[in-house]
Amino acid sequence: MVKEWYSIQEAADTLGISHTSISRYLHTYPDFFKVKSVGRKKMVFSEGLPLLRQIKELYARGIQTNEILEQLQGSIPVYHDASNDDDVVNTVPLAKIEPFLKNLETIIHQQRNLSEQNTLLVEQVIKSDQRAEVIHEQLLQSDKRNQELQVQLQDLTDKMNKLIEIQEAAATTERQPWYKRILK
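Residue 45 in numbering that gives the first Met the number 0 sits at position 46 of the sequence shown, and the numbers go up by one each step.
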């Protein structure tokens, strides 16, 4: 039967890695190991043993801690939840999460502001459309009134021209000698 949990000493014996190195790896890369405490002992889940071996090999090749962390982040799952109350699972420290939470709060606040601005803009667009419609109606009424006034002006002009013609005709008739007016 395969063992699920190994003490640090058992893992050191199984892998041939020193006890202190395993403790240091667990402390340096806590996000990649499922760990629980039993009394004063720390227990490592069996899935972490190949990872411990891989970390030792990377250190043996002279790779730095930051580079190892980058390689692990791309290929190894990170543990974030505990399966029961007896398990103590290393999760991302609060200090690492806090800037992300603040950033998330800022983003949410900005989204609320943008939503409010969008609502105000929609209201302004609706009001502008209503004003444009009113102005359009007023322009149509003004055009209609202008056309009516032009028709009235044309009628008045025609009547004035007829009146002038009649007056000119009357004036010409009065200038004629009296016999031409009678013989007509």
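Where is the CB? At the ideal position from N, CA and C, for every residue including glycine.
Predicted model, so just to flag it, every value in this text is computed and none were measured.
Tell whether a beta-carbon distance below 8 Å holds between residue i and residue j.
i, j, result
"residue 6", "residue 40", "yes"
"residue 71", "residue 10", "no"
Quick one: what's residue i bridged to in DSSP?
i, result
"residue 5", "43"
Go ahead and pull the three-state DSSP assignment for residue i.
i, result
"residue 33", "coil"
"residue 60", "coil"
"residue 15", "coil"
"residue 137", "helix"
"residue 38", "coil"
"residue 178", "helix"
"residue 100", "helix"
Going by CA-CA distance only, name the one from the options that's closest to residue i.
i, options, result
"residue 48", "32, 63, 61", "32"
"residue 44", "63, 59, 18, 2", "2"
"residue 28", "102, 157, 132, 63", "63"
"residue 30", "38, 20, 95, 18", "95"
"residue 22", "13, 99, 8", "8"
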